[in-house]
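Notes to accompany the following structure.
Number of protein chains: 2
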Amino acid sequence: MEDFYEKTQNQPASDTALDVISPHFLEEFLHALTRKDKKKLADLVRPLEPADLAVVLEGLSKANLALFFSLINSHFNFDVLLEFSDHVRQQAVQLIGIKDLSKRLAELDSDDAFFLIDELTPEQQTEILAAIPAAARASFEKIQSYPEDSAARLMQQELVAIPSFWKVGDVLSYIQKSTVLPDVFYEVYVVNPKYKVLGAVTISKLLKYGHNVALKTIMKKEVKTIPATMDQEEVAYFFRHYHLVSAPVEDESGRIIGVIMSDDVVDVIEEEAERDIFQLAGVGETDFTAPFLVTSTKRIGWLIVSLVNALLAAFVIESYHATIENRAALAALMTIVAAMGSASGTQVVAITVRAFATRVFRNMSPWKALWKETLIGLANSIFFSVILALIVLVWLGDVKIALILPAALIFNMCWASAGGVLLPVLISRLGLDPAVSAGPLLGATTDVFGFAAFLALASLVL
Amino acid sequence: MEDFYEKTQNQPASDTALDVISPHFLEEFLHALTRKDKKKLADLVRPLEPADLAVVLEGLSKANLALFFSLINSHFNFDVLLEFSDHVRQQAVQLIGIKDLSKRLAELDSDDAFFLIDELTPEQQTEILAAIPAAARASFEKIQSYPEDSAARLMQQELVAIPSFWKVGDVLSYIQKSTVLPDVFYEVYVVNPKYKVLGAVTISKLLKYGHNVALKTIMKKEVKTIPATMDQEEVAYFFRHYHLVSAPVEDESGRIIGVIMSDDVVDVIEEEAERDIFQLAGVGETDFTAPFLVTSTKRIGWLIVSLVNALLAAFVIESYHATIENRAALAALMTIVAAMGSASGTQVVAITVRAFATRVFRNMSPWKALWKETLIGLANSIFFSVILALIVLVWLGDVKIALILPAALIFNMCWASAGGVLLPVLISRLGLDPAVSAGPLLGATTDVFGFAAFLALASLVL
Numbered sequence: 015m016e017d018f019y020e021k022t023q024n025q026p027a028s029d030t031a032l033d034v035i036s037p038h039f040l041e042e043f044l045h046a047l048t049r050k051d052k053k054k055l056a057d058l059v060r061p062l063e064p065a066d067l068a069v070v071l072e073g074l075s076k077a078n079l080a081l082f083f084s085l086i087n088s089h090f091n092f093d094v095l096l097e098f099s100d101h102v103r104q105q106a107v108q109l110i111g112i113k114d115l116s117k118r119l120a121e122l123d124s125d126d127a128f129f130l131i132d133e134l135t136p137e138q139q140t141e142i143l144a145a146i147p148a149a150a151r152a153s154f155e156k157i158q159s160y161p162e163d164s165a166a167r168l169m170q171q172e173l174v175a176i177p178s179f180w181k182v183g184d185v186l187s188y189i190q191k192s193t194v195l196p197d198v199f200y201e202v203y204v205v206n207p208k209y210k211v212l213g214a215v216t217i218s219k220l221l222k223y224g225h226n227v228a229l230k231t232i233m234k235k236e237v238k239t240i241p242a243t244m245d246q247e248e249v250a251y252f253f254r255h256y257h258l259v260s261a262p263v264e265d266e267s268g269r270i271i272g273v274i275m276s277d278d279v280v281d282v283i284e285e286e287a288e289r290d291i292f293q294l295a296g297v298g299e300t301d302f303t304a305p306f307l308v309t310s311t312k313r314i315g316w317l318i319v320s321l322v323n324a325l326l327a328a329f330v331i332e333s334y335h336a337t338i339e340n341r342a343a344l345a346a347l348m349t350i351v352a353a354m355g356s357a358s359g360t361q362v363v364a365i366t367v368r369a370f371a372t373r374v375f376r377n378m379s380p381w382k383a384l385w386k387e388t389l390i391g392l393a394n395s396i397f398f399s400v401i402l403a404l405i406v407l408v409w410l411g412d413v414k415i416a417l418i419l420p421a422a423l424i425f426n427m428c429w430a431s432a433g434g435v436l437l438p439v440l441i442s443r444l445g446l447d448p449a450v451s452a453g454p455l456l457g458a459t460t461d462v463f464g465f466a467a468f469l470a471l472a473s474l475v476l
Numbered sequence: 015m016e017d018f019y020e021k022t023q024n025q026p027a028s029d030t031a032l033d034v035i036s037p038h039f040l041e042e043f044l045h046a047l048t049r050k051d052k053k054k055l056a057d058l059v060r061p062l063e064p065a066d067l068a069v070v071l072e073g074l075s076k077a078n079l080a081l082f083f084s085l086i087n088s089h090f091n092f093d094v095l096l097e098f099s100d101h102v103r104q105q106a107v108q109l110i111g112i113k114d115l116s117k118r119l120a121e122l123d124s125d126d127a128f129f130l131i132d133e134l135t136p137e138q139q140t141e142i143l144a145a146i147p148a149a150a151r152a153s154f155e156k157i158q159s160y161p162e163d164s165a166a167r168l169m170q171q172e173l174v175a176i177p178s179f180w181k182v183g184d185v186l187s188y189i190q191k192s193t194v195l196p197d198v199f200y201e202v203y204v205v206n207p208k209y210k211v212l213g214a215v216t217i218s219k220l221l222k223y224g225h226n227v228a229l230k231t232i233m234k235k236e237v238k239t240i241p242a243t244m245d246q247e248e249v250a251y252f253f254r255h256y257h258l259v260s261a262p263v264e265d266e267s268g269r270i271i272g273v274i275m276s277d278d279v280v281d282v283i284e285e286e287a288e289r290d291i292f293q294l295a296g297v298g299e300t301d302f303t304a305p306f307l308v309t310s311t312k313r314i315g316w317l318i319v320s321l322v323n324a325l326l327a328a329f330v331i332e333s334y335h336a337t338i339e340n341r342a343a344l345a346a347l348m349t350i351v352a353a354m355g356s357a358s359g360t361q362v363v364a365i366t367v368r369a370f371a372t373r374v375f376r377n378m379s380p381w382k383a384l385w386k387e388t389l390i391g392l393a394n395s396i397f398f399s400v401i402l403a404l405i406v407l408v409w410l411g412d413v414k415i416a417l418i419l420p421a422a423l424i425f426n427m428c429w430a431s432a433g434g435v436l437l438p439v440l441i442s443r444l445g446l447d448p449a450v451s452a453g454p455l456l457g458a459t460t461d462v463f464g465f466a467a468f469l470a471l472a473s474l475v476l
């Protein structure tokens, strides 16, 4: 049984509620699968949450995944498709077939259906759009007209909009009778005839009032609505800032067109934070599950930047070869100046990039941060200079080098601290994402400046 | 008017709904404050969300903050205290006074009240616990008995628990009459006489059924309950995995004791991702608003690690001083080997640390990741070796160095890629957080190995 669930063996047993997928369950599941026991398989799969079923299926070999879909037919929760990683989803879609897929698309919330179609190949998209009802097609095309990563792409279109003259009782009986309402909702929106949001009432609040109370009198009037074109990162900040669980989305004319739920935002927050981490580390958007060649070529991009940087530094060093040939110890000490600069720079860049992500500079001048970080860089570099001066005196007994090394170190660490704020701020002023290039750019300068400062001083003084 | 709202001037105007705090608003606000116009101030502050009021107040000087609280008295939404950064909250608590604070604590949700008390100094805590009702005190002490960062610290204790024999109508009239229910809730929990959760019903579902339907027949039976001691990082993963909006928390005896809402989890996700970023960058938990000395000393910790690393590398280089004295170009080239190793290592460590954070190794063997990354390291290092060999041939015309440099590079980049997976995995097996030390540890080895491999080969071959 190839490539199957290696994790459950070498993963320490955890006591969390997450471990619904026990080794015993997997054994039973595999057994039923290989015996082609349809009934047993259905019984095992039925109580699983889609997210858990996805974990089980992702562990299967290609052949077994095909076997599973042929046995289970369409008797499984279609939400599982949303939980797959991209390449397993592609496989699953092919195994299920566009025809079966299009039939069951209506079971999904509109945002999930959109996501699923959007991930298909262009040919599959054409095929599925031809197969679904015209209304669903129109809805898909409407959402697709909004930019990627916009609020419209996150929202579901199902929502409860209520005219402002209704009473609590009207709303309750509408909810009971209507068949087009979302599965789950937390607020109803009070709208004017042009569907502009006038207010919102959480349904827990609705239940606390008598049937004859007018909605207008209990609704919250200051509703934070999200423009459909707002970037998802901004949406995430919006939810965090106001501690929202759901928020209405309006189009350019101010008309409510959907609702964003906090569980969608949770994914965005995780994604955005991960993007920051990967960008700081010079990795593209890859992970362990992406194919070898994709990962390898994506990594090479930033490594080329590192190479150019390293070559630049090497040329700087080489230009002082006469100085180094006289005293090889200089070659050893110059690396300390570069390394300490790079370490301080990494610290400050990380803090500045996060400050952008969490909108710190809306409440604080970046110049204040620049000033503070430069002072910290100065203080810390003096601390390390004293240590290094002592080490050089003991090790080499050379007073001149014991003065040159600290001077270069102070210069480089102060630059690293200042540049750690300055570069991201300047990059952001240019309208670019400060996370993308601030780290490698600063790293290039701390290496080159570190070697150059130290060797230039050495060639002058020694 | 010192240190006041520099941001609004140098921040580009944004068109998002977040900019409720316009420069015009701030001008009016400051004007009312300096004229001590209580009524105007109250009018300006009333429509603001607590999060926005916090932004306004955080921009005030100490004197103006004191003036604000003396004028506005207690006519403001106490939730604003939850939105302050730590040091402004301390100031505000002192300005408001423990007596007024204790009176209004009951307005807050239990989790917010807990948070507020928990952040006070021990003396203030004693004072406030003596001033609040016995029930509130007991509730505080109960929560405090759970570990920091546990689910119990995130939950609110207010919830709707319903006996299993009730009908929809019973629940609706209970909600309408009860005075102890939470302000906002999304689910009611069906419990047995021992308060063990048997099922859950979202209130939007409740509204779709007639009064005579038994809860038992419509409740969702597979409710994911969270143990009170579960770590908040695990809670966040739990919410993400199952796309939850709220989840019940149970104590050791299986009794429901609270509910966690997704907006609390959003903060945790953001915090945890930020912790990963900062730990990878070797920064403690600091930010721009922390006092100078705190920040400076926290940074020094990891810089000392960098220093030890740099000194180690320097000693390695120094041990080959005879080799370097003959050919200073070696000093230039060795830095390339170290820099490229460090760049690849950083990439792989970031991916591995995120894989731990997002529980990738629950579905995938780390050895598979190790194998894949090492192969990528090999492929990429061969790519860069060819480039470097050509550069060395053109630049120095030295065939021996054109062979040594690639050999050292391939060794170091393969190690960096393997170590980038191996170190975090080993650290995690030891029960430690892989984010904390994997980056600096790997960086130490790629520098030392890079210099050593290149110089050792050079001293042998040249």
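These protein sequences, in sequence, are chains X and Z.
Residue numbers for the first sequence, in our numbering: 15 to 476.
Residue numbers for the second sequence, in our numbering: 15 to 476.
Even glycine gets a Cβ: it sits at the ideal position worked out from N, Cα and C.
Owing to the predicted nature of the structure, the values given are computational and were not obtained by experimental measurement.
Between X:Ile350 and Z:Ala345, the gap from beta carbon to beta carbon reaches 7 Å or more. Residue pairing by DSSP places X:Val107 in no beta bridge whatsoever.
The beta carbon of Z:Phe98 lies closer than 7 Å to those of Ala68, Glu72, Ala106 in the same chain, with the five residues before and after it left out. DSSP places Z:Met275 outside any alpha helix (DSSP H); the residue lies instead in the beta strand (DSSP E), whose first and last residues are 270–275.
Rounded to the nearest angstrom, the Cβ distance from X:Val330 to X:Ala466 is 5 Å, consistent with a contact under 8 Å. Restricting attention to Z:Ala327, Z:Ala165, Z:Ile396, the CA atom closest to the CA of Z:Phe463 is found in Z:Ala327. When Cβ-Cβ separations below 7 Å define contact, X:Asn394 makes contact with chain Z.
Residue environment analysis places X:Glu288 among the buried positions, since at least 16 neighbouring C-beta atoms fall within 10 angstroms of its C-beta. The beta carbons of Z:Ser356 and Z:Gly457 sit about 6 Å from each other, so the pair counts as a contact at 8 Å. The beta carbon of X:Glu42 is closer than 7 Å to those of Leu58 in its chain, skipping five residues each way along the sequence. As the crow flies, the alpha-carbon of X:Asp412 is around 7 Å from that of X:Val406. Within chain Z, the residues placing a beta-carbon under 8 Å from that of X:Asp281 are Arg254, ordered along the chain.
As DSSP reads the structure, X:Glu201 sits in a beta bridge with X:Thr216.
Z:Lys234 and Z:Arg151 have their C-alpha atoms roughly 34 Å apart. For Z:Ser320, the enclosing alpha helix (DSSP H) has its first and last residue at 306–332. Looking at the DSSP output, X:Ile240 shares a beta bridge with X:Val263. The C-alpha of Z:Arg368 lies about 34 Å from the C-alpha of X:Pro196. For X:Gln190, the chain Z residues whose C-beta falls within less than 9 Å of its own C-beta are Leu221, Lys222, Tyr223, Gly224, listed in chain order.
For X:Ile314, the neighbours in chain Z by C-beta distance under 7 Å run, in chain order, Asn394, Phe397. Between the alpha carbons of Z:Glu284 and Z:Lys181 lies a gap of roughly 40 Å. In this structure, Z:Ile240 and Z:Val204 do not form a Cβ contact; the two beta carbons are roughly 17 Å apart against a cut-off of 8 Å. Under DSSP, Z:Gln170 takes part in a beta bridge, and its partners are Z:Val273.
Listed along chain Z, the residues sitting closer than 8 Å to X:Leu389 by beta-carbon distance are Phe306.
At least 7 Å separates the CB of X:Thr460 from every CB of chain Z.
Listed in chain order, the non-local C-beta contacts of X:Phe129 below 7 Å within the same chain comprise Leu96, local neighbours out to five positions each way being set aside. When secondary structure is reduced to three states using DSSP, Z:Asp51 falls in the coil class, being assigned neither helix nor strand. At a beta-carbon threshold of 8 Å, the residues of chain X lying near Z:Leu186 are Leu221, ordered along the chain. Taken through DSSP and simplified to helix, strand or coil, X:Ile401 comes out as helix. Ranked by Cα distance from X:Asn87, the options X:Ile270, X:Ser442, X:Ala56, X:Lys230 are led by X:Ala56. Under the Cβ criterion (8 Å, minimum of three pairs), the region 157–175 of chain Z does not count as touching the region 137–144 of chain Z. For X:Ile176, the enclosing beta strand (DSSP E) begins and ends at 175–177. X:Asp57 sits in a helix when the DSSP states are folded into three classes. Residue burial is scored here from C-beta neighbours: Z:Phe179 has fewer than 16 other C-beta atoms within 10 angstroms and is therefore classed as exposed. Sorting Z:Phe92, Z:Met427, Z:Ala449 by C-alpha distance to the C-alpha of Z:Ala295 places Z:Ala449 at the top.
In terms of Cβ geometry, Z:Leu186 and X:Ile189 do not form a close pair [threshold 7 Å].
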